[in-house]
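In case it helps, this note's numbering puts the sequence shown at residues 665 to 890. All C-beta atoms, glycine included, are put in the ideal place defined by N, C-alpha and C. Owing to the predicted nature of the structure, the values given are computational and were not obtained by experimental measurement.
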Amino acid sequence: MSTLSTILRRIRATPAPVVIFDLDSTVFDTGSRNLGLVRQWAGAGLWAERAAAMTAEEFGWDAAAPLISRGASAEEVADFRTYWRAHFFTDDAVVLDTPAPGSAAFVREVHSDGAHVVYLTGRHVGGMEIGTVKALTRHGYPMWRPRVSVVLKPNFHLDDKRFKAMTLPEIGGLGTVVATFDNEPGNCNAFQAQWPDALNVLFGSVCSPEAETPDPALIRLATFER
Ligand SMILES: [Mg+2]
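Below, the structure is given as structure tokens:
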């Protein structure tokens, strides 16, 4: 049985089941957000034509990589990175994300089978919360219902992993954590340590370059499509 089917079966067999979903590079692909930012940065200038030819699939963890591979100068890369830092973590930008294929349907099934869905993200309140709930609503993820929680960092500067680790006892208080999904090995390791009996999924292939070594007990998954 596939991992996703096993999770659904376990939800149905567990009282007060809880499932945690990270957002960026897990249920949402951030490639189109990065592509949009490159095109905004390029404007009508020298990079406009090359930016128009880029695709969302080219963007991994480093949003400047498609510029670098096309011969951008150090100055251009630095200028883009400044633009990116000022815009990536904003309501206007997060609505550009596209759902990871199959993710909205799977989260809906998780919810309708009885789980409390917790969106646990390193996005922050005070700049990203409006775009986040707009995007979740627009793309058909469970929202505005009992058994749905959206958990964001209280401020931009708090470290993502530290923030997520701080929330785990409170999330555990909602019921039995059956499964977790995140693209960062460090977060997955923390879930695995907290809930060794859950199905803890290390999702996709995008993660920070200084990522921790994944716990061998983690389940690797490349797609929500079944
Ligand atoms: Mg993520």
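Scanning V842, V691, G850 for the CA closest to the CA of R676 turns up V842.
Where Y747 is concerned, the enclosing alpha helix (DSSP H) starts and stops at 738-751. Between H751 and L701, the C-beta gap is smaller than 8 Å, which places the two residues in contact.
Excluding five sequence positions before and after I794, the CB atoms of its chain that fall closer than 6 Å to its own CB belong to D755, given in chain order. Contiguous alpha helix (DSSP H) elements confined to the stretch 841-876 occur at 849-858, taking only those with 4 or more residues. Rounded to the nearest angstrom, the gap between the Cα atoms of F827 and N851 is 10 Å. In the three-state reduction of the DSSP assignment, V774 falls in the helix class, which pools H, G and I. Each residue's CA atom was taken as its position, placing V683 and A708 some 44 Å apart.
The Cβ atoms of V815 and V782 lie closer than 8 Å to each other. Closest by C-alpha distance to D688, out of D879, S872, P880, is S872. Taking non-hydrogen atoms of ligand 1 into account, the C-beta of T762 is found less than 7 Å away from none of them. Distances taken from the Cβ of T831 to the heavy atoms of ligand 1 include none shorter than 7 Å. The three-state reading of DSSP puts S669 in helix, counting H, G and I together.
For S813, the uninterrupted beta strand (DSSP E) segment begins and ends at 812-817.
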